[in-house]
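Trainee: If you're matching them up, the sequences are chains H and D in order.
Just so it is clear: in the first sequence, position 107 is 115 by my numbering, and no numbers are missing.
Just so it is clear: in the second sequence, position 120 is 125 by my numbering, and no numbers are missing.
Using N, Cα and C, we set each Cβ at its ideal position, and we do this for glycine too.
From a predicted model like this one, the values you see are computed outputs, not experimental measurements.
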Amino acid sequence: MSAVITVKSLSKAYRYARRRGGFFEAFSPEHVIVEAVAGVDFEIGAGERVAIIGPNGAGKSTTLKMLSGILEPSSGEASVLGLTPWKQRKALAYKIGVVFGQRSQLWGELPARESFALLRHIYDQEAAPFAKRLGELTERFALADLLDQPVHRMSLGQRMRCEITASLLHGPNLLFLDEPTIGLDVTAKAAIRDFIREHARDHGQTVLLTSHDTRDIELVCDRVIVVNQGRIVVDQPTDQLRRRFLGRKIITFQSAGQGVSLDLPGVTRRASEAHATILEVDTRLTRVEQVIAAALADGGIEDVTIEDPPMEEVIAEIYASTHAA
Amino acid sequence: MRRDLTAAAQALRIGAGQGLAGWTVLAGRCLFYVLIMTVLSALWDKVAAEPVAGAIPLPKGDLVLYVLATEWITLALPSVHLRFEDDIRSGGLEPHLLRPKFYLLQSLAQSLGGTLVRLAALGVTAVAWLAATGRAGPPPAAYPYLAVLGVLAVTVGMLLYATAGLCAFWARRILPFQLVIQKLMFLLGGLFAPISLYPDWLRKIGEVTPFAAHLYWAGIQALHPSGTMFLKAAAWQVLWIALLSLLCVALWRAGLAKVLREGGV
């Protein structure tokens, strides 16, 4: 498999001015250097779908920005589709698609159709293949009713479908996705994940994704790079990571009376509050539905929520296990 | 280059479309134009009717026509500086940097598209206001001159404000820069009265500034249209468009280098 992305000893340090108290100190701020990415190395092959995960401030977005060419590294090398991103930003732009979950690349005041038409000219696309691609994406994403609606009037889920469409209209070989499902409801998340996975598989597209949501990683990516404090902690296939770290769920039962008490293998009780019992379930030993069925049989349940363990916990566990090793 | 211009032309077309789509805002702007012209014409009519002994002699002609032209240009200007400030300070620039086309050119072209629509609508309003008030308009020869100089004038004004907007790469707020430019437009540009009223030394300074290229040169054509003056005015405007474009590109490059190095502002 040929490498689409090659990263060698890539580092990025930011320099901040920290104000000190006092009048005269205000004129001589203290400068602090923060190492956001500290000498990472990895390769991504053509057609791979890779997730970079880590807690806030781990260096995920910084890495993505350097690889897409909008941030210069402090040191190290990177090659993306044969180009050095920060030196050949414009040439690279024709070959990559980028979606920032928290930033819109569309013109908010314009109908989506106008934004797409402008993007055709920005990416120098011929009319016929562009129209064909837009038609396919419109059908796949059920956008027909949205095309004439100004983007700022769309729901977040609708906007994200348009954002992903916009990032694919010029037929990029590589897709960068920074938190693509952030803030979306369950249905919208599922639609986005299905689409990214299927589109990448059908078009042999390489995907590099960052997310806080473990389901994004499990359902879209076949490889995971875990970063913490700017360094790669784990780089392994998703299946392996799932077996090791992602096979847990947090189930919270709200009850009017006493808390839920279950004796099932792999189910442990976490620090709980009055009328709320929080259980951690190892899904390799007991399935979620078994736990819920047992709790319902116990009686008095008013509400149930099922969550993944917080990413920070997963990372901490990974970090602890790699340090122990 | 040709593809860059094609994309810019598309952005200009979309900007014009946005200007038309926001017709209620455009109508409000035209009504405001009528309101301020009603006030300013009353003021200038009184000044012309009751000259004060010993006061500076006013230029020949109906000064209301001068103000009609300068306000026409001023009210057509886009808020391109606010757009730049917002994109730069909020990080909204990032998606634009991931595109193969020049953000500055695309943004300015889009802003100019909306400006041209406003210029046309306000121009029609000016003619309608003259007809409704029964006031004699500029000589017929002035109209083609004003059409060309008006477009060049709003381009100069847009680029002046663009320089203020690009200061957002270094300044937390661009309001001070905006206010300085705005006041200089009023004073050295001659918003309410031609700069020919100033002392000779100040007039000479004013005439060579971009502020005069933005307002004075077009305004004076509404009073005394002439081919020679038109060419002189257009030459000053084209010169300032070129110089301000270079300044904007220089600011953009310096600001972009900062963003690429530091990851934000």
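Can C253 of chain D and T168 of chain D be called in contact, C-beta distance under 8 Å?
Mentor: If you number the second sequence from 1, residue 253 of chain D lands on position 248. If you number the second sequence from 1, residue 168 of chain D lands on position 163. Contact: yes.
Trainee: Would you call the CB atoms of D316 of chain H and K257 of chain H closer than 8 Å?
Mentor: As a first step, residue 316 of chain H is located in the first sequence; it is residue number 308 there, counting from the start. As a first step, residue 257 of chain H is located in the first sequence; it is residue number 249 there, counting from the start. Contact flag set, yes.
Trainee: Using alpha carbons as the reference points, say which of H:A21, H:K20, H:S36 lies closest to R27 of chain H.
Mentor: Within the first sequence, residue 27 of chain H is the residue found at index 19, counting from 1. Comparing Cα positions, the closest option is H:S36.
Trainee: Give the straight-line distance between the Cα atoms of R141 of chain H and E80 of chain H, rounded to the nearest whole angstrom.
Mentor: Here residue 141 of chain H refers to the residue found at position 133 of the first sequence. Here residue 80 of chain H refers to the residue found at position 72 of the first sequence. Taking the straight line from one Cα to the other gives about 33 Å.
Trainee: Looking at the structure shown, is Y102 of chain H part of a helix, part of a strand, or coil, going by DSSP?
Mentor: Start at 1 with the first residue of the first sequence, and residue 102 of chain H comes out as number 94. The answer is coil: DSSP assigns Y102 of chain H none of H, G, I, E or B.
Trainee: Taking C-beta to C-beta, are A40 of chain D and A198 of chain D nearer than 8 Å?
Mentor: For the purposes of this step, residue 40 of chain D is taken as the residue at position 35 of the second sequence. For the purposes of this step, residue 198 of chain D is taken as the residue at position 193 of the second sequence. Here the sequence assigns Leu to residue 40 of chain D, which means Ala is not the residue at that position. No, these two residues do not count as a Cβ contact at 8 Å.
Trainee: What residue ranges within the segment 109-175 of chain H form continuous alpha helix (DSSP H) runs of no fewer than 4 residues, ordered along the chain?
Mentor: With a minimum length of 4 residues, the continuous alpha helix (DSSP H) runs that stay inside the segment 109-175 of chain H are 120-130, 135-148.
Trainee: Does the structure place the segment 15-27 of chain D close enough to the segment 115-123 of chain D that three or more beta carbon pairs sit under 8 Å?
Mentor: Yes, the segment 115-123 of chain D touches the segment 15-27 of chain D.
Trainee: What residue range does the beta strand (DSSP E) around R23 of chain H cover?
Mentor: Position 15 of the first sequence, counting from 1, holds the residue named residue 23 of chain H. First-last of the beta strand (DSSP E) with R23 of chain H: 11-26.
Trainee: Any C-beta of chain D sitting closer than 8 Å to the C-beta of I204 of chain H?
Mentor: Position 196 of the first sequence, counted from the first residue, corresponds to residue 204 of chain H. Taking Cβ atoms only, chain D never reaches closer than 8 Å to I204 of chain H, which makes this a no.
Trainee: Going by Cα to Cα distance, which pick from H:D306, H:E134, H:G265, H:R148 is closest to D210 of chain H?
Mentor: Translated into the one-based positions of the first sequence, residue 210 of chain H becomes position 202. When each option's Cα is compared against that of D210 of chain H, the closest is H:R148.
Trainee: Is it the case that the Cβ atoms of V241 of chain H and V234 of chain H are separated by a distance below 8 Å?
Mentor: Numbered from 1 along the first sequence, position 233 holds the residue referred to as residue 241 of chain H. Numbered from 1 along the first sequence, position 226 holds the residue referred to as residue 234 of chain H. Yes; because the gap between Cβ atoms is below 8 Å, this pair is in contact.
Trainee: Kindly list, in the order they appear in chain D, the residues whose Cβ is closer than 8 Å to that of A101 of chain H.
Mentor: As a working note, residue 101 of chain H is residue 93 in the first sequence. Ordered by position in chain D, the residues that pass the 8 Å Cβ test against A101 of chain H are L103, R104, P105.
Trainee: Which one of D:P56, D:S95, D:A223, D:V185 has the shortest CA to CA distance from L73 of chain D?
Mentor: As a first step, residue 73 of chain D is located in the second sequence; it is residue number 68 there, counting from the start. Taking only the C-alpha atoms, the option nearest L73 of chain D is D:A223.
Trainee: Checking contacts by CB at 8 Å: is I93 of chain D closer than that to chain H?
Mentor: Numbered from its first residue, the second sequence carries residue 93 of chain D at position 88. Not closer than 8 Å to any Cβ of chain H, the Cβ of I93 of chain D fails to qualify, so no.
Trainee: Taking only the alpha-carbon atoms, compute the straight-line gap between I52 of chain H and R8 of chain D and give it to the nearest angstrom.
Mentor: As a first step, residue 52 of chain H must be located in the first sequence, where it is residue number 44. As a first step, residue 8 of chain D must be located in the second sequence, where it is residue number 3. Distance between the alpha carbons of I52 of chain H and R8 of chain D: 33 Å.
Trainee: Rank H:A120, H:I78, H:K68, H:G191 by C-alpha distance to the C-alpha of P105 of chain D and give the top, closest one.
Mentor: The residue you call residue 105 of chain D lines up with position 100 of the second sequence. If we check each option's Cα against that of P105 of chain D, H:I78 comes out closest.
Trainee: Could one say the Cβ of K95 of chain H lies closer than 8 Å to chain D's Cβ atoms, at least one of them?
Mentor: Position 87 of the first sequence, counted from the start, is the residue given in the question as residue 95 of chain H. It does not; no Cβ of chain D falls within 8 Å.
Trainee: I'd like the list of long-range same chain contacts for A13 of chain D, defined as Cβ closer than 7 Å, with 5 residues on each side in sequence excluded.
Mentor: Along the second sequence, read from residue 1 onward, the residue named residue 13 of chain D stands at position 8. For A13 of chain D, where only same-chain residues beyond five positions count, the Cβ hits under 7 Å are L110, Q111, A114.
Trainee: Is there a Cβ from chain H that is less than 8 Å from the Cβ of A198 of chain D?
Mentor: By 1-based counting over the second sequence, the position of residue 198 of chain D is 193. No, because no Cβ of chain H sits closer than 8 Å to the Cβ of A198 of chain D.
Trainee: For Y150 of chain D, does the count of other Cβ atoms within 10 angstroms reach 16, so buried, or fall short, so exposed?
Mentor: For the purposes of this step, residue 150 of chain D is taken as the residue at position 145 of the second sequence. Classification of Y150 of chain D: buried, given that the 10 Å Cβ count is 16 or more.
Trainee: Can you tell me which of the three DSSP states G84 of chain H falls into?
Mentor: Taking the first residue of the first sequence as position 1, residue 84 of chain H is located at position 76. Correct three-state label for G84 of chain H: strand.
Trainee: In angstroms with no decimal places, state the Cα-to-Cα distance between L228 of chain D and L220 of chain D.
Mentor: On the second sequence, position 223 is the one that residue 228 of chain D refers to. On the second sequence, position 215 is the one that residue 220 of chain D refers to. Each residue's alpha carbon lies about 13 Å from the other.
Trainee: Going by the beta-carbon positions, is the gap between T189 of chain H and D156 of chain H smaller than 8 Å?
Mentor: Residue 189 of chain H sits at position 181 when you count from the first residue of the first sequence. Residue 156 of chain H sits at position 148 when you count from the first residue of the first sequence. The answer is no: Cβ separation not under 8 Å.
Trainee: According to DSSP, is E76 of chain D part of a helix, a strand, or is it coil?
Mentor: Translated into the one-based positions of the second sequence, residue 76 of chain D becomes position 71. E76 of chain D falls in the helix class under three-state DSSP.
Trainee: Using the beta-carbon of each residue, which ones in chain H are nearer than 8 Å to P100 of chain D?
Mentor: Position 95 of the second sequence holds residue 100 of chain D. Going along chain H in sequence order, the residues near P100 of chain D (Cβ under 8 Å) are V106, F108, R111, S112, Q113.
Trainee: Is the beta carbon of T70 of chain H sitting closer than 8 Å to the one on A44 of chain H?
Mentor: Sequence index remark: in the first sequence, residue 70 of chain H carries index 62 (1-based). Sequence index remark: in the first sequence, residue 44 of chain H carries index 36 (1-based). Yes; because the gap between Cβ atoms is below 8 Å, this pair is in contact.
Trainee: Between R23 of chain H and F32 of chain H, what straight-line distance do the alpha-carbon atoms span, to the nearest angstrom?
Mentor: Residue mapping note: residue 23 of chain H aligns to position 15 of the first sequence, counting from 1. Residue mapping note: residue 32 of chain H aligns to position 24 of the first sequence, counting from 1. Distance between the alpha carbons of R23 of chain H and F32 of chain H: 21 Å.
Trainee: According to DSSP, which residues form a beta bridge with T260 of chain H?
Mentor: Sequence index remark: in the first sequence, residue 260 of chain H carries index 252 (1-based). DSSP output for T260 of chain H lists H:I286, H:T313 as bridge partner(s).
Trainee: Report the rounded CA-to-CA distance for L270 of chain H versus N236 of chain H, giving the unit in angstroms.
Mentor: If you number the first sequence from 1, residue 270 of chain H lands on position 262. If you number the first sequence from 1, residue 236 of chain H lands on position 228. Distance between the alpha carbons of L270 of chain H and N236 of chain H: 35 Å.
Trainee: Check each residue of the segment 69-91 of chain H: if its Cβ is closer than 8 Å to any Cβ of chain D, include it; give the result in chain order.
Mentor: Within the segment 69-91 of chain H, the residues whose Cβ lies closer than 8 Å to some Cβ of chain D are T70, K73, S76, G77, I78, L79, E80, listed in chain order.
Trainee: Please confirm whether T218 of chain H and L182 of chain H have their CB atoms less than 8 Å apart.
Mentor: On the first sequence, residue 218 of chain H is found 210 positions in, with the first residue counted as 1. On the first sequence, residue 182 of chain H is found 174 positions in, with the first residue counted as 1. No, the Cβ-Cβ distance between T218 of chain H and L182 of chain H is not below 8 Å.
Trainee: Determine the DSSP secondary structure at D193 of chain H, reduced to helix, strand or coil.
Mentor: The residue you call residue 193 of chain H lines up with position 185 of the first sequence. Looking at D193 of chain H - three-state DSSP - the assignment turns out to be coil, as it is neither helix nor strand.
Trainee: Kindly say whether R34 of chain D, judged by its beta-carbon, lies nearer than 8 Å to any beta-carbon of chain H.
Mentor: Locating residue 34 of chain D in the second sequence gives position 29, counting from the first residue. It does not: the Cβ of R34 of chain D has no partner Cβ on chain H nearer than 8 Å.
Trainee: Does the distance from the CB of L75 of chain H to the CB of P93 of chain H come in under 8 Å?
Mentor: By one-based count along the first sequence, residue 75 of chain H stands at place 67. By one-based count along the first sequence, residue 93 of chain H stands at place 85. Result yes, Cβ atoms of L75 of chain H and P93 of chain H sit closer than 8 Å.
Trainee: Note down, in chain order, every chain H residue with its Cβ under 7 Å from the Cβ of T11 of chain D.
Mentor: Working through the second sequence from its first residue, we reach residue 11 of chain D at position 6. Chain H residues near T11 of chain D: H129.
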